[in-house]
Amino acid sequence: MMLSEIPFGRRLRYSLAGFAGGAVAPAAMLLPVVASGNFGAFSTDLLGHWSALGALALPLVGAAIGWRIAAWEAILHDRILRLEGGTQELEAASRVDRLTGLGNRQALNDTLATLLKAGKACSGTLLLIDLDRFKYVNDTLGHEAGDGLLLAVANRLREAAGEGALLFRLGADEFAVILPQAQRRPVAEFVCLEIEHALAQPFELAHGRVMAGASIGATLMSSADRDVAAPKQRADLALYRAKEIFGPSHAFYDEALAREVLEGLELERDLSRGFVDGEFYLEYQPIVGVENGDVRSLEALLRWRHPKRGLVTPDVFIPLAEKTGIIQVIGKWVVQQACAAAVTWPAPTGVSVNVSGDQFKDPNFVAHVLDCLVETGLAPERLTIEVTEAVFSVDIDLVCRSLAELRASGVRVALDDFGTGFSSINNLRLFPLDELKIDRSFAGQMLETSQGAKLVDLMHKLSETFQIRTTIEGIETKNQLDFVKLLGIGEAQGFLFSKPVGAAEALNYLEARLRQSEPLPSA
């Protein structure tokens with residue numbers, strides 16, 4: 018603040034106060050003179066002493082100092098205001114995401130707290146949003162492309178969420194939206210659909226066109242929420258469910274969903290503990306030659322006996338194991354255990370092991386399989402690696418290279434559950450296969466409808482075209498077996514031959530079958 022900008026009234030007040038303060042000393046000198054009336058002697062003394070003359074100048078000096086203090090106070094006040102403004106700016110900046118300009122996680126918490134303090138029956142809807150494929154964009158196109166995608170997403174969110182919506186970026190590819198006006202689920206659901214549609218459209222970035230999509234978890238907020246953690250936790254559980262759905266999707270929190278999600282999370286946590294505690298084990302089911310009933314091999318089937326839940330089925334825990342990444346550890350253990358069991362069986366009976374697509378992402382997977390063969394002494398041709406059509410969605414070049422390396426070492430490769438996925442003829446042509454296994458669902462249909470029968474026959478002919486062996490799963494009746502023989506399918510698997518059995522029972526089963534096939538001694 019310039020000196021000329023200081024209000025005149027303030028300068029006058031400070032000058033008068035300084036003048037009055039400076040007049041104290043001269044007044045003290047004049048009081049005795051006034052009391053005695055000896056002004057002549059005082060004048061002589063005053064002219065003879067410079068200190069006395071200086072004292073008389075003190076009121077003017079005080080007035081000047083007061084004038085100056087007014088300026089110093091104004092400058093100090095201006096600096097305080099600037100510091101306060103800077104603090105407010107810093108505080109505001111600490112609540113904003115620098116990249117997108119949206120509120121950050123702290124801003125979300127503060128906004129939720131304010132809404133919940135209002136104590137309304139419904140405080141609106143909270144949406145938590147996760148982008149799909151963001152990591153892929155970052156990894157393949159670079160962080161600049163990732164930042165460009167986040168900016169574009171923020172802009173589309175503003176348009177799709179509508180007026181009154183409060184937007185936040187929580188970090189990485191996580192966003193949140195508060196819809197204060199969406200106090201009923203249908204209204205919030207409409208906004209969710211708008212966001213899904215907006216984010217599913219291609220993004221034209223400087224680095225090229227990319228696709229994103231999003232998963233959304235939603236929950237209504239109410240006065241029953243005691244703190245900001247409650248609605249955030251509910252929306253997070255709903256988001257967990259939405260992410261399990263293929264493609265852009267949303268899910269609303271409800272009690273049933275919460276129970277299912279929490280059970281899934283508990284199972285995820287129990288997977289590692291259960292593996293360490295030895296709760297996993299293998300059972301084996303025979304695969305037999307259709308013409309003579311010889312046991313060609315046994316399929317190793319992973320089982321989990323949970324101490325509280327009992328037997329957890331593979332269709333429940335395998336996806337969880339793939340999601341958490343522990344499938345790679347468990348998968349290696351399965352290969353080792355299966356090879357160790359198979360080497361005790363009568364040769365040339367082999368063993369089949371199911372392998373998840375995620376296991377091929379482990380650069381040491383092929384080496385581990387070959388090491389297991391060496392360590393156990395099992396001949397490579399007695400091991401079959403079974404994969405499903407889901408591996409086509411991983412990295413087909415990586416999978417093909419890995420399987421080709423295994424086949425070159427003598428290991429056989431089978432395509433399991435054929436007919437349930439989305440294989441193309443080209444994939445089958447490129448894929449190194451020795452065997453095609455028709456899914457059990459077709460065994461149940463082939464005697465019920467002519468279409469089911471034709472489908473099984475068509476898959477068998479396709480297998481013959483590629484010069485690979487055909488096995489059909491799920492054979493439970495003699496009529497099914499007779500029909501399979503009629504079609505010329507070479508191998509079958511199912512309860513008609515044996516249910517899955519433990520390792521010790523598998524050895525007993527094989528020895529018993531071997532004794533049955535031995536010729537009777539001559540007389």
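According to my numbering, the residues represented by the sequence shown are 18 to 540, in order. Glycine included, every Cβ here is placed at the ideal spot set by N, Cα and C. Computed from a predicted model, the values in this text were never measured in an experiment.
Sheet register partners of residue i (DSSP bridge)
i, result
"residue 251", "Residue 251 pairs with nothing; no bridge assigned."
"residue 494", "Answer is none; residue 494 lacks a bridge partner."
"residue 509", "305 and 489"
"residue 367", "314"
"residue 431", "403 and 452"
"residue 394", "Paired residues: none, contrary to the question."
"residue 120", "113 and 185"
"residue 559", "Since the displayed the chain opens at 18 and closes at 540, residue 559 lies outside it and no answer follows."
"residue 518", "301"
CB contact flag (residue i, residue j, <8 Å)
i, j, result
"residue 3", "residue 426", "An answer regarding residue 3 cannot be provided, because it is not within the stretch 18 to 540 covered by the chain."
"residue 401", "residue 524", "no"
"residue 460", "residue 491", "yes"
"residue 279", "residue 341", "no"
"residue 369", "residue 348", "no"
"residue 129", "residue 227", "no"
"residue 255", "residue 274", "yes"
"residue 517", "residue 301", "yes"
"residue 508", "residue 306", "yes"
"residue 252", "residue 183", "no"
"residue 423", "residue 386", "yes"
"residue 205", "residue 231", "no"
"residue 513", "residue 483", "no"
"residue 229", "residue 98", "no"
"residue 411", "residue 382", "no"
"residue 277", "residue 510", "no"
"residue 428", "residue 416", "no"
"residue 145", "residue 193", "yes"
"residue 296", "residue 322", "yes"
Other residues of its chain near residue i: CB distance less than 6 Å, five sequence neighbours each side excluded
i, result
"residue 114", "121 and 186"
"residue 453", "432, 435, 480, 485 and 487"
"residue 450", "430, 432 and 485"
"residue 20", "Caution applies to residue 20, whose pLDDT of 46 falls short of 50 and renders its modelled position unreliable; the value that the coordinates give is listed next. Same-chain partners within the cutoff: 88."
"residue 420", "430 and 449"
"residue 371", "403"
"residue 530", "312"
"residue 345", "376 and 379"
Close-in-space but distant-in-sequence residues of the same chain around residue i (CB under 8 Å, 5 per side omitted)
i, result
"residue 521", "none"
"residue 189", "151"
"residue 169", "220 and 222"
"residue 366", "312, 313, 314, 315, 359, 399 and 527"
Boundaries of the alpha helix (DSSP H) in which residue i is found, first to last residue
i, result
"residue 335", "331-341"
"residue 141", "It is not in any alpha helix (DSSP H) - residue 141 instead sits in the beta strand (DSSP E) that spans 141-148."
"residue 172", "160-178"
"residue 345", "344-359"
"residue 412", "Unbroken run through residue 412: none, as it is neither H nor E."
N-terminal and C-terminal residue of the beta strand (DSSP E) that residue i is part of
i, result
"residue 194", "191-196"
"residue 326", "Here residue 326 belongs to no beta strand (DSSP E), and DSSP marks it neither H nor E."
"residue 186", "183-188"
Beta-carbon contacts of residue i that lie in its chain and below 7 Å, excluding the five residues immediately before and after
i, result
"residue 154", "162, 163, 166 and 227"
"residue 64", "Residue placement at residue 64 cannot be trusted, given a pLDDT of 49 that sits under 50; the coordinates are not used to answer."
"residue 389", "352, 353 and 356"
"residue 494", "513"
Any C-beta of chain D under 8 Å from that of residue i
i, result
"residue 244", "Absent from the structure is chain D; it holds one protein chain and no more."
In chain order, each alpha helix (DSSP H) run of at least 4 residues that lies wholly inside the stretch 205-287: 246-260
Segments of 4+ residues assigned as alpha helix (DSSP H) that fall wholly inside the stretch 447-484: 457-462 and 467-482
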